[in-house]
Ligand SMILES: *Cc1c(COP(=O)(O)O)cnc(C)c1O
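Residue numbers (the numbering used here): 79 to 311.
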């Protein structure tokens, strides 16, 4: 089986999972966007997926993402940066990302905004929310009570717009409980920022729970591209 056939089969299977999850939740099938998380996989795979109709790709490391974006510059894809972001990477990320899913502190808002202005681009920003019960260091994500202030700063920034929220279900947590909490945070955000309709939630293992709780964007790596050889981010 060629890589193209393998990816086509995987894509059909995940599209079916998304359709089934939407049907079970009483949602329109086209209310959920598939973001193909292509980290660790070559630009050729991005090209193949684009040929199969994928419109959105996600990456979590700046160097790899920048190179892949350059290699796929002829394709009309929307690029999502989903990894932990450092201030010194903002300048680069702002050149190719359309949506940044991982803004979780105020210092990043200023850095990303300055970088977007310098690049002459508008970026859609999601506030990443930490859904763990106990606040822990190094996980990524703002506490739910910090989301409003972050969104206000994004909204005030000249080259950024508030797109919504993103989360990763905490390890060993019940994904339904985590994503229900995210849905509350998303609703509170939309009350202040009516355009902030994106809810980026759900990965290969828990997309059904995410769709049940209103995910608009599911980020799928393994189910689409296969098992990564080395664990990343
Ligand atoms: C790698 C990654 C994904 C995809 O995870 P899979 O379990 O392989 O589908 C989604 N979101 C983020 C933030 C990631 O880093």
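Note that CB positions come from ideal geometry on N, CA and C, so glycine has one too.
query, result
"Helix, strand or coil: how does DSSP classify residue 78 here?", "No answer is possible for residue 78: the residues shown for the chain start at 79 and end at 311."
"So, at 8 Å on beta carbons, what are the nonlocal neighbours of residue 266 in its own chain, with the 5 sequence-adjacent residues on each side left out?", "225 and 226"
"Checking 8 Å against the spacing of the C-beta atoms, do residue 212 and residue 221 come in under that value?", "no"
"Give the range of the beta strand (DSSP E) segment to which residue 179 is assigned.", "177-181"
"When the Cα of residue 150 is compared with those of 240, 135 and 261, which residue comes out closest?", "135"
"How many angstroms separate the CA atom of residue 158 from the CA atom of residue 115?", "9 Å"
"Run the CB neighbour count on residue 249, radius 10 Å, all protein chains shown included, and call it buried at 16 or more, exposed below.", "exposed"
"Looking at the C-beta of residue 225, does it have a partner C-beta in chain B at a distance below 8 Å?", "Here there is only one protein chain, and chain B is not present."
"Going residue by residue through the region 235-283, where are the continuous alpha helix (DSSP H) segments of at least 4 residues, counting only ones entirely within it?", "253-270"
"Cβ of residue 167 within 8 Å of Cβ of residue 140?", "yes"
"Classify residue 148: buried if its beta carbon has 16 or more other beta carbons within 10 angstroms, exposed otherwise.", "exposed"
"Applying the criterion that 16 or more other CB atoms from any shown protein chain within 10 Å of the CB defines a buried residue, is residue 294 buried or exposed?", "buried"
"Given this structure, state the Cα-to-Cα distance separating residue 259 from residue 198, to the nearest angstrom.", "36 Å"
"Would the beta-carbon of residue 127 be found less than 7 Å away from any heavy atom of ligand 1?", "no"
"Assuming residue 277 contacts residue 299 under a Cβ cut-off of 8 Å, what Cβ separation, rounded to an integer in Å, is found between them?", "About 18 Å; that fails the 8 Å criterion."
"Kindly examine ligand 1 and report whether one of its heavy atoms sits closer than 7 Å to the Cβ of residue 297.", "yes"
"Nearest-angstrom Cα distance between residue 180 and residue 161?", "6 Å"
"Can you name the start and end residues of the beta strand (DSSP E) that residue 129 belongs to?", "Element bounds for residue 129: not the beta strand (DSSP E) but the alpha helix (DSSP H), 121-129."
"Measuring only the C-alpha atoms, how far is residue 194 from residue 79?", "42 Å"
"Work out the CA separation of residue 296 and residue 283 for me, nearest whole Å.", "11 Å"
"Mapping DSSP to helix, strand and coil, what is residue 136?", "strand"
"Quick check: residue 238 and residue 191, are their CB atoms within less than 8 Å of each other?", "yes"
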